[in-house]
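Counting from 13, one number per residue, gives the positions in the sequence shown under my numbering.
Don't be surprised by glycine CBs; every beta carbon is placed ideally from N, CA and C.
As the structure is a computational prediction, the values presented were derived from the model and not from experiment.
Heads up, the thing below is written out as structure tokens.
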Amino acid sequence: MLPAKQYNYTRIAPTPSGYLHLGNVLSFAVTACLAQKHHAKILLRIDDLDQQRVNRDYVQDIFDTLDFLQIPWHNGPRNYDEYKSEYSQLHRMEMYQKALDQLKDAGKLFACTCSRAQLAEHDAYPGTCRNKALPFEADNTCWRLQTDNVLPVTVNTITGELITALPLQMRDVIVRKKDGFPAYQLASVLDDIYYNIDLSGLTNGVIRSDKYKGEAWKLLRVSIRDDDKEQLWFSWEVFGDRLSNYMHCLPIHEDIVMWQG
């Protein structure tokens, strides 16, 4: 058997919008196992751009859960104060905005004023605002990435090469929300670049069922010129119901509190 390929960094990236559940525990455990197998260090990144849902207790629950599971991490915040003062995504807003401006200046974005109600009857974005040339700074406007003529992408995974096309659900994906904050997909990609993440369950090998291949991937393509070199940044995630809904998972917060007490 060939030795496992070595990587530098992977990451655990929970969202503090609620207490963690068994789905999170499974994700953390898989990430820790992959890190050990590939001799990679672990970054703890807390995805907190949805500020209206961020709660201090939910952030603390992340640290308590990792301690409870005895999962080590080598970079990232060690407590709430470090998270707030050094590692919150709010500290990287300038980086996100720079990327958005580069995309806009390169003509890769368009403004959209469609509401959720207007789009509810469609399985995918129908391109309503793609050719309207709406002003980017108008009120109640999101920014979408133009995804015309996107070619299939070959991804190296544990089980071999995966060739996947851009699903309809990810055509003209939102990269800046109507509240002015960068969308999760954009921020996640940029953060992986910023922290030099080269091993991720989303990009390098969580073993998935064949039924997901080619259809259960979300793909974000961001093309930005940097130092006269064009970089292609990709991010994948399984779409459909959240794992917590699929598994009918309950938060494990009370179990951890009992263990601590």
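Check, Outcome
"Would you say ARG274 and GLY88 are within 8 angstroms of each other, going by their C-beta atoms?", "The shown model of the chain, from 13 to 273, leaves out residue 274, and the question about it has no answer."
"Can you check DSSP and say which residues form a bridge with LYS53?", "TYR21"
"Applying the criterion that 16 or more other CB atoms from any shown protein chain within 10 Å of the CB defines a buried residue, is SER100 buried or exposed?", "buried"
"Considering only their Cβ atoms, is the gap separating ILE186 from CYS154 smaller than 8 angstroms?", "yes"
"Measure the C-alpha to C-alpha separation of ILE205 and THR22 and round it to an integer number of angstroms.", "11 angstroms"
"Under 8 angstroms, do VAL71 and SER29 count as touching if we go by C-beta distance?", "no"
"In angstroms with no decimal places, state the Cα-to-Cα distance between PHE122 and LEU157.", "7 angstroms"
"Does the Cβ of PRO26 have 16 or more other Cβ atoms within 10 Å, making it buried, or fewer, making it exposed?", "buried"
"Is the region 102–117 close to the region 127–144, with three or more CB pairs under 8 angstroms?", "no"
"So if DSSP puts ASN91 in a beta bridge, which residue, or which two residues, is it bridged to?", "Answer by DSSP bridge pairing: none, since ASN91 is not bridged."
"How far does the alpha helix (DSSP H) with ALA129 in it extend, from its first residue to its last?", "128–131"
"List the residues that DSSP assigns as beta-bridge partners of TRP85.", "TRP85 is not bridged to any residue."
"If you compare alpha carbons, which of SER97, PHE148, ILE74 and ASN143 is closest to ASP117?", "PHE148"
"Pick helix, strand or coil for ALA123, following the three-state DSSP scheme.", "strand"
"Terminal residues of the continuous beta strand (DSSP E) containing LEU157?", "154–157"
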